[in-house]
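Colleague: Provided herewith is a single structure, encoded as structure tokens, for subsequent inquiry.
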Amino acid sequence: MTTHRPAPAHIPADWPVDEPAARAVQDELRARTVLDETGPAPGTGHVTGVDVAYDDERDIVAAAVVVLDAATLDVVEEATAVGRVAFPYVPGLLAFREIPAVLAALGQLAADPGLVVCDGYGIAHPRGFGLASHLGVLTGLPTIGVAKNPFTFTYEAPGAPRGSAASLLDGAREVGRALRTRDDVKPVFVSVGHRVSLDNACAHTLRLTPRYRLPESTRRADALCRAALREATASAPPPPGT
DNA sequence: GCGACAG
DNA sequence: ATCTTGTCGC
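Add 4 to a position in the first sequence, counting from 1, and you land on the number used in this note's numbering.
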């Protein structure tokens, strides 16, 4: 297993600077989302977790990607990237906040990422183009989104046993699934990102949750990006007003 | 117009 | 996301 030094995450010169511009980018890229592929078979190849942590006071963002062996869930490779926050948090525009740092971290990898698991949504999104779909279109990689909250969507409670699922609904349209990954514990919300079917996305999510509610991939990436943020924060100028 | 809203 | 102590449970 190899780890890298944090890579510098640069904000592209043409990155949208306001909300209307960002929405226009989503409306433009949405057409490139591929939804007619099944995606990699669960338990084969690699599965990569992605997560990002912030210090908005110091304007620092840290992203982490962790490549796991899909069969054993052992860590194959890790990478991080640190940079300036690229966009404020706006519901529906999360991708513009996270993607530059995530791309920088992904670019450090020697291993094939395989299936990329994002913390958030794919096509379950106000304009049908959430973080997971956006990252998938930009990289060409198969992606799914596993979120902790239902966002603006509705769902009927899935059965109590792990593995139970219910449709995540945007009105009457199924945009994802509320999937129970642990007995009697709040479900996670799975949606397709790019080049993966919903059934397969749920199957992968279950394989990634043998012990905890959240996928092992995102748990690993979460711990790593927080550690990277702590380091970056430690050797940074104090927040304004201090 | 008001409230809700992935992370 | 982040701010934060103790506490219930396996």
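Every residue, glycine too, gets a C-beta built ideally from N, C-alpha and C.
Flag this pair as yes or no: are the beta carbons of histidine 198 and alanine 115 separated by less than 8 Å?
Modeller: No, Cβ-Cβ distance for histidine 198 and alanine 115 is not below 8 Å.
Colleague: Considering only residues of the same chain and omitting the five flanking positions on each side of proline 46, which have a CB-CB separation below 6 Å?
Modeller: If we look at proline 46 and ignore the five residues flanking it on each side, its Cβ neighbours are Ala207, His208 and Arg211.
Colleague: Does the beta-carbon distance from aspartate 78 to alanine 68 come in below 8 Å?
Modeller: Not in contact: aspartate 78 and alanine 68 (Cβ atoms no closer than 8 Å).
Colleague: Compare the C-alpha of tyrosine 125 against each of Leu107, Asn153, Pro104 and Gln112 and name the closest.
Modeller: Nearest of Leu107, Asn153, Pro104 and Gln112 to tyrosine 125, Cα basis: Asn153.
Colleague: Report the CB separation of alanine 11 from alanine 109 in whole angstroms; it is logged as a contact under 8 Å.
Modeller: Indeed they touch by this definition, with Cβ atoms about 6 Å apart.
Colleague: Could you give the distance in angstroms between the alpha-carbon of arginine 27 and the alpha-carbon of serine 195?
Modeller: Cα-Cα distance, rounded: 20 Å.
Colleague: Less than 8 Å between the beta carbons of aspartate 63 and arginine 88, yes or no?
Modeller: Yes, the Cβ-Cβ distance between aspartate 63 and arginine 88 is below 8 Å.
Colleague: When the Cα of phenylalanine 155 is compared with those of Ile103, Glu32 and Val94, which residue comes out closest?
Modeller: When each option's Cα is compared against that of phenylalanine 155, the closest is Val94.
Colleague: Counting pairs of beta carbons, one from the segment 96-107 and one from the segment 15-26, are three or more of them closer than 8 Å?
Modeller: Contact between the segment 96-107 and the segment 15-26 is present, because at least three Cβ pairs lie under 8 Å.
Colleague: Going by beta carbon distance, what residues of the same chain come within less than 8 Å of isoleucine 15, once the five residues before and after it are set aside?
Modeller: Excluding sequence neighbours, isoleucine 15 sits near Gly87, Arg88, Ala90 and Pro104.
Colleague: Under a three-way DSSP split, which group does arginine 88 fall into?
Modeller: In the structure shown, arginine 88 sits in coil (DSSP, three-state: anything other than H, G, I, E or B).
Colleague: Quick one, which of Val65, Ala236, Ala13 and Ile148 has its alpha-carbon nearest histidine 129's?
Modeller: Residue Ile148 is the option with its Cα nearest to histidine 129.
Colleague: Report the rounded CA-to-CA distance for threonine 158 versus arginine 34, giving the unit in angstroms.
Modeller: In a straight line, the C-alpha of threonine 158 is about 23 Å away from that of arginine 34.
Colleague: Rank Ala66, Pro191 and Ala176 by C-alpha distance to the C-alpha of cysteine 229 and give the top, closest one.
Modeller: Considering only alpha carbons, the answer is Ala66.
Colleague: Is the Cβ-Cβ distance between leucine 218 and phenylalanine 193 less than 8 Å?
Modeller: Taking 8 Å as the Cβ cut-off, leucine 218 and phenylalanine 193 do not qualify as a contacting pair.
Colleague: Kindly indicate the opening and closing residues of the alpha helix (DSSP H) around serine 137.
Modeller: Where serine 137 is concerned, the enclosing alpha helix (DSSP H) stretches over 135-143.
Colleague: Could you give the residue range of the alpha helix (DSSP H) that holds histidine 208?
Modeller: From DSSP, the alpha helix (DSSP H) with histidine 208 extends over 202-211.
Colleague: How big is the Cα-Cα spacing for leucine 145 and threonine 42?
Modeller: Distance between the alpha carbons of leucine 145 and threonine 42 is about 13 Å.
Colleague: Does DSSP put threonine 158 in a helix, in a strand, or in coil?
Modeller: Strand at threonine 158.
Colleague: Starting from arginine 181 and walking both ways along the beta strand (DSSP E), at which residues does that stretch end?
Modeller: Here the beta strand (DSSP E) through arginine 181 covers 177-183.
Colleague: Within the continuous alpha helix (DSSP H) that includes leucine 233, where are the two ends?
Modeller: Where leucine 233 is concerned, the enclosing alpha helix (DSSP H) stretches over 220-238.
Colleague: Let me make sure I understand the geometry here. Which of Leu72, Arg177 and Phe133 has the alpha-carbon closest to that of arginine 36?
Modeller: Considering only alpha carbons, the answer is Phe133.
Colleague: Given a threshold of 16 other Cβ atoms within 10 Å of its Cβ, counted over all protein chains shown, does glycine 175 qualify as buried or as exposed?
Modeller: Looking at its Cβ environment, which holds fewer than 16 other Cβ atoms inside 10 Å, glycine 175 is exposed.
Colleague: Measuring straight from C-alpha to C-alpha, what distance separates tyrosine 58 and arginine 186?
Modeller: Roughly 29 Å between the two C-alpha positions.
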